[in-house]
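S.K.:
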Amino acid sequence: MADKKLKPPKVDRSSIVVKSSPIHGKGVFVAKPIKKGEAIIEYKGERISWKLAEKRHPHDPKDPNHTFYFSLEDGRVIDAKYGGNAARWINHSCKPSCETREDTFDGEPRVFIYAKRALKVGEELFYDYSLDIEGKITKQMKKDYECRCGAKKCRGTMLATKEK
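Here numbering that gives the first Met the number 0 is used: the first residue of the sequence shown is 0, the next is one more, and so on.
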């Protein structure tokens, strides 16, 4: 999607707030109504190689599967532990209210989070992490990346699963 004329969307940082989440740790919540399709926030952080991401892993040895990595299509990673913003606190859900989109602006890939529907004040923001793991997904991996969203059709994991 490289388009030199493409301009990054404007975001209103005052439309969201970070606070404790009933799902997991911190979460991001709507502070002002957000319209369907509106860009909410950019996922910011240091852009690094997967090789460096693997060296940095885990961010927290007590919680080794919790990171602030976002994979880019060019093979790099955004590590929101360094230079990140509130977007790193958006939790996963199997029934997300938001979606992520990667576009290229001035030759650099950037990720923005958009509302999938109109969002009301007080709602927690979620997107589907669909984490890709190389190799076969085991029961232990599913447990390590357990989903806590509570959606009716929750798949039980934050991992991307192959639909049959």
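Ideal Cβ positions, reconstructed from N, Cα and C, are used throughout, including at glycine.
Output the distance between the C-alpha atoms of residue 110 and residue 38, rounded to the nearest integer angstrom.
M.R.: Distance between the alpha carbons of residue 110 and residue 38: 10 Å.
S.K.: What's the gap between the Cα of residue 230 and the Cα of residue 160?
M.R.: Here the chain has residues from 0 to 163 only, and residue 230 is not among them.
S.K.: Can you tell me where the beta strand (DSSP E) with residue 102 in it begins and where it stops?
M.R.: 97-104 is the span of the beta strand (DSSP E), which, as asked, contains residue 102.
S.K.: With a threshold of 8 Å, are at least 3 pairs of Cβ atoms found where one atom belongs to the stretch 143-162 and the other to the stretch 83-93?
M.R.: The stretch 143-162 vs the stretch 83-93: in contact.
S.K.: DSSP on residue 123, reduced to helix/strand/coil?
M.R.: Residue 123 falls in the strand class under three-state DSSP.
S.K.: Hey, residue 46 and residue 67: beta-carbon distance below 8 Å or not?
M.R.: No. Outside cutoff.
S.K.: DSSP on residue 159, reduced to helix/strand/coil?
M.R.: Coil at residue 159, not helix or strand.
S.K.: Since residue 38 is in the beta strand (DSSP E), which residue starts that stretch and which ends it?
M.R.: Start and end: 38-42.
S.K.: In whole angstroms, what is the alpha-carbon distance linking residue 130 and residue 157?
M.R.: Whole-angstrom Cα-Cα distance: 6 Å.
S.K.: Taking the C-alpha atoms as reference points, what is the distance between residue 102 and residue 113?
M.R.: Cα-Cα distance, rounded: 13 Å.
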